[in-house]
Amino acid sequence: MTASLSLGIDIGGTFTDLVLLDPSDGRAVIWKESTTPDEPARGAMVGVERLLAKAGVAASRVGRVVHATTLFTNALIERKGAPTGLLTTAGFADVLEIARERKYELYDLFLEMPRPLVPRPWRREAPERLGPDGTVEKALDVAATLEEVAGLVAQGVTSLGICFLHAYANPVHERQAAEAIARRFPQLSLSLSSEIAPEIREYPRTVTTVANAYVRPLAETYLKRLETELKRVGIGGELFLMLSSGGLTHVAEAKRAPVQLLESGPAAGALAGAWFGRHAGLERVLAFDMGGTTAKLALVDGGEPLVAWGFEAARTKRFLRGSGLPIQIATVELIEIGAGGGSIARRSDLGTLHVGPESAGAQPGPVSYGRGGTEPTVTDADLALGYLNGDFFLGGAMRIDTATARAALARLADRIELDQPRAAFGVHDVVNENMAGAARVAIAERGRVPQDYALLATGGAAPVHAWQVGTKLGIGRVVCPPGAGVGSTIGMLMAPARVDRVASFNQALAHTDWAEVERVLAALQADAEQVVRASGADLAQRRLRKLADMRYVGQGSEITVALPEPLSAEGVLEAFETAYRRLFGRTPPGAAVQFVALRLSVAAPMPGAGSALRLETHAAEAALKGRRPVYFPEEGGTLETPVYDRYALPAGAQLDGPAVFEENESTFVVGPGARISVLRDLSILAERTA
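Add 609 to a position in the sequence shown, counting from 1, and you land on the number used in the numbering used here.
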């Protein structure tokens, strides 16, 4: 390995994945470490030291570190952020409580709505008012504002979100207040809506600003400590953070707006699916990432994951839309369900089998881990079905107990009145159907069919389940890339720097000032490129995307449209109507169109990002490791199935299913009636023959 190596660290709910990559030739070394939920950085640093020891390299040779974490998302879910206050326009202190005045379950008399991050006593009002176009209707009373903030500080507030009405159109009052507050209370962490989410809609804009304020002190402390720990072990390379949008940013930007990192881990999985899909020559991929706690699915079209401009965090009912906090940030469009290796199986109140979303996590973990878990999980079922090898879990570094898994499943089988093999497969099948159902909806919403896609599996558990999920979806091609068990971490190391910016722009298309459009986009580009440049990315190879949020006049929602070059009313109208018809089938005749916001995205390749991946391979004669009984539902029982060392299979190898392919971090299970090929990049492609 060369002197400048790249280190990826992805802290998940069950395992922390680490990859050391030599970008010059793609050689990589992999390690998995159990996550330490009480102090995630501790487990990560233990893993770093063990990875360096395994690779036999000095820490000083690491030139950069790329990191994704669920820490900030968990802080929102568990309400473990900083004591946070809200300063808003007089009359708007209850926006967080009023929300959208919409029930996500219409007939639930005991409906629990998302609890505001800021309690009512910590929401204060400032005498000021702006009009919808940004004109000052009432000047900010700075003295009165400072008195309100003084009251919050006296009550122990350490972080403050400032969200004034219509500040997206004119930030003058927010900036004026922030300058005065910073002089008077320099210890107070400040988040301004005009900097975090300069978009229309008071509720999501306020929630996003408050969420940023809520996690910002935690982010500053955590990232500072992580930098210190990395230096302590001798790593002097710069630290970069994975964004929810699928790009990287530097530490200063992450500390300023940590709300952008809430979906960093899942975004990395989608990015891995896109990267491996491109290398496998696949244009359309359903990226399937399943770890110990959750499963994520992302559509990849044209080699790029789809990006949305908002998502929900900290859902009261975790996987029910409308039950969470709306966050207005750029994020890879993901479908997430509570299905992972640690998902707990139990008898429901109706006597049926129920799996997840509760997870055994890393501590105690599945029953077979021997760490105190008592309820059977998906991993325990996969072990009992023969999909996993108890003697080769994490390459043999972690021994798990098949007997205890079978005993736990036998107890569950008695409770649901099934025999043990059917109960075990029931656990496996329920999570497969949950994932397939979520994928069907997501694909149909975009006017596509599953058969258009190849299913690409990453994560420790996805390759075990991918073949059966593909069967349910009618997908004919399933791909397991090399290093699948740490796919998200590999995706991070290949990621570009990326910045997304937005500005309010409310004009009718027919009367648009195109010089003003160019001016706004130029300002967004200058701001974005400044951040990308500070990340050390190669701006000469940047990719620039200009977009607009648009709608028909009178509509309550808008769609995001890629702007044509050169800009013209005719070209923009055609782009909007094409996108609208793709989503809704038709356009209303004679309706006027308007802009709502302008968006700009800048992405540029990072130095140290790899363009290839090379993992350690083994002698071809060692490919067949043996055989073991594996359960396949289409056969109504077990089959003696060949088990292969996937890294002993050369490119071009051809096999027939059923087959099991083992690597240290994951296992790929392929059913009968499959034609299996090892691709040039050592991805394994399984195709259905019937």
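For glycine and all other residues, C-beta sits at the position ideal for the given N, C-alpha and C. Here the structure is a predicted model, which is why all the values come from computation and not from measurement.
Review point. So N683 is in the alpha helix (DSSP H); what residue range does that whole segment cover?
Key: 680–687
Review point. From A1213, G919, V1162, pick the residue whose C-alpha is nearest to that of V1141; which is it?
Key: A1213
Review point. By Cβ distance, which residues of its chain are closer than 8 Å to R887, with the 5 residues on each side in sequence left out?
Key: G912
Review point. Looking at the structure shown, is T1298 part of a helix, part of a strand, or coil, going by DSSP?
Key: coil
Check your understanding: When burial is assigned at 16 or more other CB atoms within 10 Å of the CB, is V1108 buried or exposed?
Key -> buried
Practice item. Tell me, please, which residues DSSP counts as bridged to F624. Key: S643
Review point. Which whole-angstrom value describes the C-beta separation of A677 and G856, a residue pair presumed to lie in contact below a C-beta threshold of 8 Å?
Key: So it is not a contact: roughly 12 Å between Cβ atoms.
Point to revise | N-terminal and C-terminal residue of the beta strand (DSSP E) that E921 is part of | key: 920–922
Exercise for review: Can you grab the Cα-Cα spacing for the pair D619 / L1133, in whole Å?
Suggested key: 30 Å
Review point. Residue range of the beta strand (DSSP E) that F1001 falls in?
Key: Where F1001 is concerned, there is no enclosing beta strand (DSSP E), given that its DSSP letter is neither H nor E.
Point to revise | CA nearest to the CA of G656, picked from E706, F624, V675, G1083 | key: F624
Check your understanding: Does the segment 1255–1263 touch the segment 1220–1231, meaning 3 or more C-beta pairs lie closer than 8 Å?
Key -> yes
Review point. Can you tell which of L1291, A1268, R1289, S1292 has the C-alpha that lies nearest to the C-alpha of P1281?
Key: A1268
Check your understanding: In its own chain, which residues sit with a C-beta less than 7 Å from the C-beta of V1279, not counting the 5 before and 5 after it?
Key -> W1076, G1266, P1267, A1268, I1285, A1295
Point to revise | Whole-angstrom C-beta distance between E945 and A917, which should lie under 8 Å | key: That belief does not hold up - the Cβ atoms of A917 and E945 are roughly 13 Å apart, past 8 Å.
Check your understanding: Excluding five sequence neighbours on each side, which residues of the same chain lie with their C-beta closer than 6 Å to the C-beta of V824?
Key -> F681, A684, G690, P867
Check your understanding: Secondary structure at R1237, three-state DSSP: helix, strand or coil?
Key -> strand
Point to revise | Rounded separation between L629 and V860 - CA only | key: 20 Å
Review point. Helix or strand or just coil, what does DSSP make of M1103?
Key: helix
Exercise for review: Have a look at A877 and G621 and give me their C-alpha separation to the nearest angstrom.
Suggested key: 12 Å
Check your understanding: Where do the ends of the alpha helix (DSSP H) carrying P1030 lie?
Key -> 1029–1054
Practice item. Determine, using beta carbons only, whether P914 and A879 come nearer to each other than 9 Å. Key: yes
Exercise for review: Take P1173 and list the residues in its own chain whose beta-carbon comes closer than 6 Å to its own, dropping the five residues that flank it on each side.
Suggested key: G1180, A1184
Check your understanding: Going by the CB atoms, is the gap between L1209 and R1301 shorter than 9 Å?
Key -> Since the first and last residues shown for the chain are 610 and 1299, residue 1301 lies out of range.
Check your understanding: Would T1067 be called buried (16 or more neighbouring beta carbons within 10 Å of its own) or exposed?
Key -> buried
Point to revise | CA-to-CA distance, R673 to G845, given in whole angstroms | key: 8 Å
Review point. By DSSP, does V842 sit in helix, in strand, or in coil?
Key: coil
Practice item. In angstroms with no decimal places, state the Cα-to-Cα distance between D989 and M722. Key: 35 Å
Check your understanding: Excluding sequence positions up to five away, which residues of its chain have a Cβ less than 7 Å from the Cβ of E826?
Key -> It is worth fixing the name first, because residue 826 is Pro in this sequence and not Glu. Taken in chain order, the residues that qualify are A691, T767, S768, S798.
Check your understanding: Name the DSSP bridge partner or partners of F897?
Key -> L906, A1066
**Study point:** Beta-carbon spacing of G1069, E1274 below 9 Å
**Key:** yes
Exercise for review: Would you give the residue range spanned by the beta strand (DSSP E) that E1249 belongs to?
Suggested key: 1246–1254
Practice item. Please classify V842: is it buried, with 16 or more other beta-carbons within 10 angstroms of its beta-carbon, or exposed? Key: exposed
Point to revise | Through-space distance from G665 to I1009, alpha-carbon basis | key: 27 Å
Practice item. Go through its chain and collect everything with a Cβ distance to D1290's Cβ below 6 Å, but skip five positions before and after it. Key: H888
Practice item. May I have the straight-line CA-CA distance separating Y978 from Y1189, to the nearest angstrom? Key: 51 Å
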